[in-house]
Amino acid sequence: MPTSSVTVATLTSQQFLERLGIDGHLWDVRAIKPRLAWYKRQTLSAAVEGTLGLGDRRARVQIGLTTDFPARLPIITVNPHGEFAELPHVEPDGAVCFRPRDEPLLNHDDPYGIVREALQLAAETLYAGLYGNRAAEFANEIVAYWRAYYPKAATVMGVLTPDDRARLVTAFFDCGVRCAVGDTPASFAAFRQFRNVDKLTFVNAVYVPINPAASDPQFHPRHLATAHGLNVHVTPVLRQDQDLWRSIEQHCRAREVLVVLGVQRPSGRRGLVGLIVRRREGAHPFDAQAIDDSRIAPCYVDPVDRAYLLPRGGANTDLGRCRVLVVGCGAVGGYVAMNLARAGLGTIDLMDPDSFEAANTFRHACGRAYVDYRKVVGLKLEIERLLPFVKVRTHQTDVLAWMREQPEGFRAYDLIVLAIGNPTVELRVNAVIAADPKAPPAIFTWLEPLGLGGHALVTHIGASSAGCFQCLYERGEDGTLVCRAAYAHPGGRYTRDMMGCGSQHMSFGDLDAQRAAMVVARRALDVLQGNLSESELVSWKGNADAFRAAGFKTTECYERSPPEERLPGLMLVRTGCPLCKPA
Amino acid sequence: MANIQKQFVQYDDIIRLTRYEENATLVKRRNAVLNRLKSRFAAMRDEGKDVPTFRWFNQGSYEMGTGIDPKNGDYDIDVGLDFNVAKSKHPNPVDLKALVYEALKDQTSLGTVVKRSCVTVRYQIDGEQVYHVDLAVYTSEDPEVEPRRLYLAKGKLNSGEEHREWEPSDPKGLAKWVAERFRNEAEVQFLRVVRALKGWKSCHFDHNGNAGPPGIGLTIAAGRLFRPEVAIDPVSKKVTFDDHKALRALVDDMLRSFSTITSEEKPGTLVERLVVTLPVSPDKDVFTKMSDSQMATFNTKLEKLRILLDEVQREEDPVEACKMMNKRFDARFPVPPKEETGQSGGRAITSSGVSA
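If you're matching them up, the sequences are chains W and B in order. Sequence positions in the first sequence follow my numbering and run 1 to 583. Sequence positions in the second sequence follow my numbering and run 1 to 356.
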């Protein structure tokens, strides 16, 4: 029944809750007294209870508005001990979880509408629980129920793939505390900082994929934490594989056996929940005769496997097989490596002969953490400290020397990123890559001085080199080699010298380096995922005020370029480039 | 081929005239004539004569940006006088020209002349004529209706009635047409090539009479046929012009545009003429005053120009190429010293200006 917001605009929260009854949304509406424990616990400012029609059933519900309403949804509960308590989406305290999956946007100007629609959503949730596929709903939300029902259960990290294969897995203990479960010590090591499990102890555990919703229409998550549930849903799966059954008997000799259940969810990936089964001395851990409810304790498995974590960060699990070489681990290269690791790259090789200095502090992904370390070592440590799974290898060398020693070394990679800020060396690398038909694509990136901008050239893609790094260099009017894409007038002295010869550096900001790294990382992913079929130069302009204030001149290229520009390979080709082989 | 673009630009710098508003001297001279005209008209009105007021505007090649330095040193300033009077009030168009003549006849020692299309006031410095001001006289059907449809007063002081007329004219529309043919770099090259063509004309045709094609004719022909040869490097954004190629293509297109038509001079005879109509009123052929023989000469000289430009294209040495242009195009075309055109090695070690 529509009610205009004008009508209720002047009502207090309590009054328009009671209005739900007048408008026919709820029957037998009564105010709830503030002294009730529920009212106080939820810090409510208004609350009523009333009867809701659910098909041929009636549910008595409570609706409360918190002091933050209408910035928060109303709280709607049913009797936690009543007939609706065991429905899906009803929490142990009776709260009905009707919140939409996406973050809801509430119209502050229509508080009555929020209450009315919240009540409708709660009614639909309860109705679906009463008349829909209850078992499937419970299976879908198994992890949430496990958390809700057993909030004090121990938590272990789960570094295993929740697939369809029952098997022995490994439980890890840190200082005697069960901390994780994974397929192998190596799989857990790949998750850990510094990639080792040297100080951990481990025992066998069991992973069992189950599908309780398919076999039991009355399935409820709580069943799994009982001897009956174990006998009905878990033991039959294990008995299907007699070798596994015997292995469990032989190898799971610890007093407590961690059992990880991979519960099939109708909507996707299996949900992981854990049970700690206290084995009776001498008996098989899953011997029905030897188990009772007192020997079973639920635990929570926090999934931290690669397939679960990476997509949550927008990363691509398919990139796990890719290998990228980052040449130059300075400001730009450091962020590039970090971005690629976050994007889900499987293997990143770092190459740089230099060491970190305190001067790098404010423009490097590692800050001051690894002063005096070799850059490749410090960056590897930082990546491994922050991110699991990615394999980082180091090459503490100059790229020219490395190319001499390994003329075909680039072939081992899917992509080369050059962030050394040395076009002379990069021209040489470009020539080597262009000459080797089996060499991978390359991304050259560099920054202009004083925040003037930056560039990233993706080239050597597929059979075509058209638009290579050398294409960007031509002889200027006076015959001197100049970069066609340069924003700073060629030949200027842009380095700053604060303490003499060894301290010269070109001034640019950390944000400039981050922007370059972001562009490079996105293009790297495009290349690795096959989304780029030709060379491309991406250029972006910064503000020239500081540059000009220092007395420097910008080029025509800077003046006439848009703020950001992407030029395809054929537009980059320079007539007379000896390396380009247009497709 | 040798790259002589730099010399094309230098040649243009030598021959081009800046537009009125950019040239203080020309503005000063123009204003002096207009002020004189206004004051004399005021005096004539005081004497009881019926002299209409006028508003003026710049016109001609300077206004369009196609003006070049005249070889004979006689600069030309074109001004339109748009009288605030209905054409019907002056059936004889020479009446208004006579008023202008009357007002300015004693302006200079060289005198003022009423020509068929304008009133010319000649000026001298140190005994030599150095510039003249052409004042074109216009009226309209109804000066109260904007925009005015102008009519140009044609006829001399003593012309018979058959040689006097109010000819429909749209000088502002013509300037607008030229200005809007091309934009940005293409416009820069278009104007430069038109000026080069006019520079060539000034060297290869007699200055007097209708021996050569009129400058406005070359401008309109170019406006219709010119194709820019401008390249912009997508990376460096540098603009590269090829004026030689653009001029060669324009000359070629002009030659291809000559058509065989019946002679008006000798009815029944077929002649080759280049016919280019004005894009505005009165929509007539801009080369109509050229006789058949003058047109034939024009054709022949254009052919020779095309041959020259082809030979220049084949020449590898820029100095030699410029010498050809200097000798056969215009003696003002610069020839660089040999050392200037050699490939400079430049510095082998320079700042890269980048970091990462």
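Where is the CB? At the ideal position from N, CA and C, for every residue including glycine.
1. Quick check on this structure: which residue in W:A154, W:P423, W:G346 has the alpha carbon closest to the alpha carbon of N316 (chain W)?
2. Give the list of continuous alpha helix (DSSP H) stretches no shorter than 4 residues that lie fully inside the segment 240-327 of chain W.
3. Whole angstroms are fine: how far does the CA of A46 (chain W) sit from the CA of S13 (chain W)?
4. Mapping the DSSP letters down to three states, classify I420 (chain W) as helix, strand or coil.
5. For E565 (chain W) and W446 (chain W), what's the separation of their Cα atoms in angstroms?
6. Compare the beta carbon distance of Y127 (chain W) and F138 (chain W) with 9 Å and say whether it is the shorter of the two.
7. With 16 other CB atoms within 10 Å as the buried threshold, where does W166 (chain B) fall?
8. For the 8 Å Cβ check, are there 3 or more pairs between the segment 538-558 of chain W and the segment 357-368 of chain W?
9. Please classify V425 (chain W): does DSSP put it in a helix, a strand, or coil?
10. Does DSSP put S13 (chain W) in a helix, in a strand, or in coil?
11. For A123 (chain W), which residues from the same chain have a beta carbon less than 7 Å from its beta carbon, with the 5 sequence-adjacent residues on both sides left out?
12. Could you tell me if L105 (chain W) is buried or exposed, where buried requires 16 or more neighbouring beta carbons within 10 angstroms of its beta carbon?
13. Pairing CB atoms from the segment 74-88 of chain W with CB atoms from the segment 56-66 of chain W, are three or more of them under 8 Å?
14. Check distances from the C-beta atoms of the segment 226-247 of chain B to those of chain W and list, in chain order, the residues that come in under 7 Å.
15. Tell me, which residues are paired with F241 (chain B) by DSSP?
16. Check Q129 (chain B) in the structure and name its three-state DSSP category.
17. Between which two residues does the beta strand (DSSP E) holding I349 (chain B) run?
18. From W:G451, W:D183, W:V208, W:E86, pick the residue whose C-alpha is nearest to that of R270 (chain W); which is it?
19. In or out: W27 (chain W) buried (at least 16 other Cβ within 10 Å) or exposed?
20. With burial defined as no fewer than 16 other Cβ atoms inside 10 Å of the residue's Cβ, what is the status of S4 (chain W): buried or exposed?
21. Out of B:D285, B:D142, B:Q313, B:I216, which one is the CA nearest neighbour of D243 (chain B)?
22. How long is the line joining the alpha carbons of N158 (chain B) and P336 (chain B), rounded to whole angstroms?
23. What is the DSSP secondary structure of H489 (chain W), reduced to helix, strand or coil?
24. Going by CA-CA distance only, name the one from W:I248, W:L17, W:L418, W:D163 that's closest to R116 (chain W).
25. Can you list, in chain order, the stretches of the alpha helix (DSSP H) that have 4 or more residues and sit fully within the segment 144-184 of chain B?
26. In angstroms with no decimal places, state the Cα-to-Cα distance between R35 (chain W) and H81 (chain W).
27. So is Q170 (chain W) in contact with chain B if we call contact Cβ pairs under 9 Å?
28. Would you tell me roughly how many angstroms separate the C-alpha atoms of E264 (chain B) and V271 (chain B), rounded to the nearest one?
29. K220 (chain B): which of B:A179, B:K245, B:E229, B:R306 sits nearest, CA to CA?
30. Judging by CA-CA distance, which residue of W:W38, W:D110, W:P70 is the nearest neighbour of N79 (chain W)?
31. For P212 (chain W), return the contacting residues in chain B, with the cut-off set at a CB-CB distance below 8 Å.
32. Just to confirm the assignment, what range does the beta strand (DSSP E) spanning S263 (chain B) have?
33. Does the CB of S561 (chain W) have a neighbour CB from chain B at under 9 Å?
34. Do A516 (chain W) and A435 (chain W) have their C-beta atoms closer together than 9 Å?
35. Take the Cβ of K289 (chain B) as the centre, count every other Cβ of all protein chains shown within 10 Å, and call the residue buried at 16 or more, exposed below.
36. When the Cα atoms are used, what is the spatial distance from P557 (chain W) to R475 (chain W)?
Judging by the given coordinates:
1. The residue you call residue 316 (chain W) lines up with position 316 of the first sequence. When each option's Cα is compared against that of N316 (chain W), the closest is W:G346.
2. 242-251, 306-312
3. Numbered from its first residue, the first sequence carries residue 13 (chain W) at position 13. Numbered from its first residue, the first sequence carries residue 46 (chain W) at position 46. Taking the straight line joining both Cα atoms gives about 6 Å.
4. As a first step, residue 420 (chain W) is located in the first sequence; it is residue number 420 there, counting from the start. I420 (chain W): coil per DSSP, three-state reduction.
5. Here residue 565 (chain W) corresponds to residue number 565 of the first sequence, with the count starting at 1. Here residue 446 (chain W) corresponds to residue number 446 of the first sequence, with the count starting at 1. Approximately 15 Å between the Cα atoms of the pair.
6. Against the first sequence, residue 127 (chain W) aligns to sequence position 127. Against the first sequence, residue 138 (chain W) aligns to sequence position 138. Contact: no.
7. Within the second sequence, the letter at position 166 stands for residue 166 (chain B). Counting Cβ neighbours within 10 Å, W166 (chain B) comes out buried, since at least 16 surround it.
8. no
9. Walking along the first sequence from the start, residue 425 (chain W) turns up at place 425. Helix.
10. As a first step, residue 13 (chain W) is located in the first sequence; it is residue number 13 there, counting from the start. DSSP places S13 (chain W) in helix when its eight states are reduced to three.
11. By 1-based counting over the first sequence, the position of residue 123 (chain W) is 123. So the list reads L52, L54, once near-sequence residues are dropped.
12. Counted from its first residue, the first sequence places residue 105 (chain W) at position 105. Per the 10 Å Cβ criterion, exposed.
13. yes
14. D233, P234, V235, S236, K237, K238
15. In the second sequence, residue 241 (chain B) corresponds to position 241, counting from 1. B:V230, per the DSSP bridge assignment.
16. Here the question's residue 129 (chain B) lines up with position 129 in the second sequence. Reduced to three states, the DSSP call for Q129 (chain B) is strand.
17. Taking the second sequence and counting its residues from 1, one reaches residue 349 (chain B) at position 349. Counting along the chain, I349 (chain B) falls outside any beta strand (DSSP E), and DSSP gives it neither H nor E.
18. Locating residue 270 (chain W) in the first sequence gives position 270, counting from the first residue. Here the closest residue by C-alpha is W:V208.
19. Your numbering for residue 27 (chain W) matches position 27 in the first sequence. So W27 (chain W) ends up on the exposed side.
20. Reading the first sequence from its first residue, position 4 is the one you call residue 4 (chain W). With a pLDDT of 46 at S4 (chain W), under the threshold of 50, the modelled position of that residue is not reliable, and the figure given next carries that caveat. Under this definition S4 (chain W) is an exposed residue.
21. On the second sequence, residue 243 (chain B) is found 243 positions in, with the first residue counted as 1. Looking at the Cα atoms, B:Q313 is the closest of the given residues.
22. Taking the second sequence and counting its residues from 1, the one referred to as residue 158 (chain B) is at position 158. Taking the second sequence and counting its residues from 1, the one referred to as residue 336 (chain B) is at position 336. Looking at the two C-alpha atoms, the distance is approximately 53 Å.
23. Taking the first residue of the first sequence as 1, we reach residue 489 (chain W) at position 489. H489 (chain W) falls in the coil class under three-state DSSP.
24. The residue labelled residue 116 (chain W) in the question sits at position 116 within the first sequence. Closest option to R116 (chain W), Cα to Cα, is W:L17.
25. 171-179
26. Here residue 35 (chain W) refers to the residue found at position 35 when the first sequence is read from its first residue. Here residue 81 (chain W) refers to the residue found at position 81 when the first sequence is read from its first residue. Those two C-alpha atoms are separated by around 21 Å.
27. Working through the first sequence from its first residue, we reach residue 170 (chain W) at position 170. Rather than Gln, the amino acid found at residue 170 (chain W) in this sequence is Thr. Not closer than 9 Å to any Cβ of chain B, the Cβ of T170 (chain W) fails to qualify, so no.
28. Position 264 of the second sequence, counted from the start, is the residue given in the question as residue 264 (chain B). Position 271 of the second sequence, counted from the start, is the residue given in the question as residue 271 (chain B). Roughly 9 Å separates the two Cα atoms.
29. Reading the second sequence from its first residue, position 220 is the one you call residue 220 (chain B). Correcting the residue type first, residue 220 (chain B) is Ile in the shown sequence and not Lys. Of B:A179, B:K245, B:E229, B:R306, the residue nearest in Cα terms is B:A179.
30. Residue mapping note: residue 79 (chain W) aligns to position 79 of the first sequence, counting from 1. Of the listed residues, the one whose Cα sits closest to N79 (chain W) is W:W38.
31. Looking up residue 212 (chain W) in the first sequence gives position 212. Under the 8 Å cutoff, chain B gives no residues; its nearest Cβ is about 56 Å from P212 (chain W).
32. Residue mapping note: residue 263 (chain B) aligns to position 263 of the second sequence, counting from 1. Premise fails: S263 (chain B) is in no beta strand (DSSP E) and is neither H nor E.
33. As a first step, residue 561 (chain W) must be located in the first sequence, where it is residue number 561. Yes, its Cβ sits closer than 9 Å to a Cβ of chain B.
34. Walking along the first sequence from the start, residue 516 (chain W) turns up at place 516. Walking along the first sequence from the start, residue 435 (chain W) turns up at place 435. Against a cut-off of 9 Å, the Cβ pair of A435 (chain W) and A516 (chain W) comes out as no contact.
35. On the second sequence, residue 289 (chain B) is found 289 positions in, with the first residue counted as 1. Counting Cβ neighbours within 10 Å, K289 (chain B) comes out exposed, since fewer than 16 surround it.
36. The residue labelled residue 557 (chain W) in the question sits at position 557 within the first sequence. The residue labelled residue 475 (chain W) in the question sits at position 475 within the first sequence. The question names Pro, but residue 557 (chain W) is Cys in the sequence shown. Each residue's alpha carbon lies about 16 Å from the other.
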